[in-house]
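K.L.:
Handing you a structure now.
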Amino acid sequence: MSTGMHFWDIEVWTFIIEFAVLLGGMVFANMLRRKIKIFRDSLIPSSVVGGFLVLAVSSALKTIDVQVFQVFTLEILTYHGLGLAFVALALKTEDRIKSKKANKDVFNTGITVVSTYLIHGVVGLGITLGLSYVLGNWAAGGMLLPMGLGQGPGQAYNWGNIYQTATDYPPFYGGVSFGLGIAAMGFVASGIGGVIYLNIMKARGRIKTAQFDPDVASEDTVELITRKDEIGMTESLDKMTVQIGLVVLTYIAAFMLMYTVSLGLNHLGGMASGTIMPIIWGFNFLIGTLCAILLKIVLGYCRKKKIVNREYRNNFMLNRIAGFMFDLMVVASIAAIDLSAFSERSFWVPLLLLCVGGALATYFYIKIVSRRIFPEYKDESFLALYGMLTGTVSTGIILLREVDPTFKTPAAKNLVYQQLWAIVFGFPMLLLMGIAPRSMRMTWLSLIAMIVLLAAMILLLFRNYIFKRKKA
3 MSTGMHFWDI EVWTFIIEFA VLLGGMVFAN MLRRKIKIFR DSLIPSSVVG
53 GFLVLAVSSA LKTIDVQVFQ VFTLEILTYH GLGLAFVALA LKTEDRIKSK
103 KANKDVFNTG ITVVSTYLIH GVVGLGITLG LSYVLGNWAA GGMLLPMGLG
153 QGPGQAYNWG NIYQTATDYP PFYGGVSFGL GIAAMGFVAS GIGGVIYLNI
203 MKARGRIKTA QFDPDVASED TVELITRKDE IGMTESLDKM TVQIGLVVLT
253 YIAAFMLMYT VSLGLNHLGG MASGTIMPII WGFNFLIGTL CAILLKIVLG
303 YCRKKKIVNR EYRNNFMLNR IAGFMFDLMV VASIAAIDLS AFSERSFWVP
353 LLLLCVGGAL ATYFYIKIVS RRIFPEYKDE SFLALYGMLT GTVSTGIILL
403 REVDPTFKTP AAKNLVYQQL WAIVFGFPML LLMGIAPRSM RMTWLSLIAM
453 IVLLAAMILL LFRNYIFKRK KA
């Protein structure tokens with residue numbers, strides 16, 4: 003090799019070894035879930051169980067000076083895994099919702115998601131602000147609760163890293179592990195809360211037994227592998243290669259867009275380069291989603307004008323790409339947690355209170371919303387929303403399948419189509435993520451602003467109850 007390295011040098015194999023350990027952890031965890039009842043009944047995804055297994059093994063080996071992973075590798079996989087997964091999901095072909103009732107439910111789901119993020123923010127910031135006067139912890143650390151609990155490990159890492167490497171305000175040392183710790187505990191809370199709710203349903207006679215094993219697909223849940231107007235499965239270029247190419251090229255387009263904007267922000271300096279630029283790079287998944295939407299528009303135009311006569315995208319394979327990237331992101335993010343940070347009381351006390359407070363607030367709020375806003379399928383809505391808002395979309399789907407294995411209710415579609423409304427109404431909170439840590443005064447103002455936004459979202463969500471029209 004021109005660099006002086008040989009194929010048998012360990013540096014050549016380091017990344018492959020790390021990659022194999024992560025995949026091996028997930029496969030072994032999946033075997034445990036199939037064989038051990040307590041794991042199967044917990045409803046915690048195999049990627050989460052695998053992440054904790056890999057974390058335990060790597061932490062044990064550290065005590066004898068054996069380094070299994072480079073932290074950089076795990077963080078990069080977490081960061082890019084989120085962006086690539088969202089691009090793959092955004093590229094899927096989807097039928098428009100035409101029902102007025104369905105559109106209303108999607109809108110309400112988006113408002114529910116944003117209002118829950120705000121509850122996370124209010125609870126989290128209230129806890130860390132109060133504790134900062136006693137323990138001296140980072141006052142704005144509670145802002146990581148909506149990212150870790152509501153958005154999942156990808157965003158927990160992104161914002162934890164932004165806070166940890168801040169240059170224009172006091173940095174949050176251990177911010178990455180703090181955010182990833184919240185995300186990891188969120189998955190546990192999702193499984194515990196989901197099992198509790200299912201047992202309550204069972205006791206009340208609404209379900210007899212669990213109807214779906216998330217590791218075994220039924221005929222009704224098998225996806226359509228291909229459509230008539232799509233490119234062939236195997237031609238001069240394999241169909242899977244085309245899907246991966248579309249995803250990666252779209253993600254690179256997002257990179258180029260972010261890089262171009264960053265050049266302008268660097269030129270401006272000040273808050274533009276110190277606060278806004280990290281926010282832009284932290285939302286790589288959102289920029290990637292926008293680029294994917296633009297590509298869908300271009301491809302749709304090309305088909306309409308007969309420039310191309312076949313559909314290049316395949317939903318089945320794009321789902322598999324997204325699922326793989328989400329699983330890889332989850333296992334890598336949990337394995338990246340630095341357990342040494344937990345030795346500090348100012349670290350683990352706020353973390354514990356945030357996770358317990360956030361999970362309880364989510365459970366009872368979603369329970370109220372599901373009963374009032376989605377009465378026709380309240381149980382399905384609760385399990386889908388609670389699972390997503392304490393873990394990821396896949397966690398919500400796992401819980402939902404326990405009572406709705408064939409997706410007969412709109413609960414699953416609501417999770418998919420609500421994203422646009424969540425982005426629109428959640429944008430002010432994204433700005434507060436960058437503003438809150440700048441000073442103690444800004445932290446208090448951010449808390450007040452989130453309370454006001456939460457009141458507005460609740461008013462909008464329960465508008466039919468609050469502003470009830472008079473009967474003719």
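Heads up: the sequence shown begins at 3 in this note's numbering, then just goes up one per residue.
C-beta: ideal position from N, C-alpha, C; glycine also.
Fair warning: this is a prediction, and the values are worked out from it, not measured in the lab.
(1) Measure the CB-CB distance between Tyr171 and Ser441 and report whether it falls below 9 Å.
(2) Report buried or exposed for Ser238, applying the criterion of at least 16 other Cβ atoms within 10 angstroms of its Cβ.
(3) Contact check, Ile425 vs Leu288 under 8 Å by CB: the rounded distance?
(4) On the DSSP bridge list, what partners appear for Asp43?
(5) Check whether the Cβ of Ala337 lies closer than 9 Å to any Cβ atom in chain D.
(6) For a test of the three-state rule: what should DSSP assign to Asp329, helix, strand or coil?
(7) Identify which residue in Cys293, Glu404, Val50 has its Cα closest to the Cα of Phe257.
(8) When burial is assigned at 16 or more other CB atoms within 10 Å of the CB, is Leu461 buried or exposed?
(9) What are the partner residues of Glu346, as DSSP defines its beta bridges?
(10) Pick out whichever of Met390, Ile368, Gly132, Asn110 has its Cα sitting closest to the Cα of Leu356.
(11) Three or more beta-carbon pairs under 8 Å between the stretch 407–417 and the stretch 133–152, yes or no?
(12) Measure from the alpha carbon of Gly83 to the alpha carbon of each residue in Phe326, Lys103, Ile375, Thr262, then state which is nearest.
(13) Just confirm the distance between the C-beta atoms of Gly150 and Asn286, as a whole number of angstroms; I'd bet it's less than 8 Å.
(14) Return the residue from the list Glu20, Ile184, Ala343, Lys37 that minimises the CA-CA distance to Leu76.
(15) Going by DSSP, which residues form a beta bridge with Glu313?
(16) For the alpha helix (DSSP H) holding Lys298, just list the boundary residues, first then last.
(17) Do the stretch 7–18 and the stretch 29–39 meet, that is, are 3 or more Cβ pairs less than 8 Å apart?
(18) Pairing CB atoms from the stretch 304–322 with CB atoms from the stretch 62–74, are three or more of them under 8 Å?
(19) Look at the alpha carbon of Glu13 and the alpha carbon of Leu449, and state the distance between them as a whole number of angstroms.
(20) Let's test the definition: count the other Cβ atoms within 10 Å of the Cβ of Gln245 and tell me whether it reaches 16, buried, or not, exposed.
(21) Taking the straight line between their C-alpha atoms, what separation do you get for Ile129 and Pro407?
(22) According to DSSP, is Met452 helix, strand or coil?
(23) Is the stretch 44–57 touching the stretch 247–255, taking contact as three or more C-beta pairs under 8 Å?
(24) Do Leu93 and Glu404 have their C-beta atoms within less than 9 Å of each other?
(25) Here's the rule I'm using: 16 or more other beta-carbon atoms within 10 Å means buried, otherwise exposed. How should Tyr467 be labelled?
(26) In the structure shown, what three-state DSSP assignment does Tyr135 receive?
(27) To the nearest angstrom, how far is it from the Cα of Ile281 to the Cα of Gly302?
(28) Would you give the residue range spanned by the alpha helix (DSSP H) that Glu382 belongs to?
(29) Measuring alpha carbon to alpha carbon, tell me which of Asp340, Val310, Ile336 ends up nearest Asp231.
P.N.:
Quick answer:
(1) yes
(2) exposed
(3) 7 Å
(4) Note: Asp43 sits in no beta bridge, so no partner.
(5) Absent here is chain D; the protein component of the structure consists of one chain.
(6) helix
(7) Cys293
(8) exposed
(9) BP columns for Glu346 are empty, so no partner.
(10) Gly132
(11) no
(12) Phe326
(13) Going by Cβ atoms, the distance from Gly150 to Asn286 rounds to 17 Å, so no, they are not a contact pair.
(14) Glu20
(15) Glu232
(16) 286–306
(17) no
(18) no
(19) 48 Å
(20) buried
(21) 38 Å
(22) helix
(23) no
(24) no
(25) exposed
(26) coil
(27) 31 Å
(28) 380–392
(29) Val310
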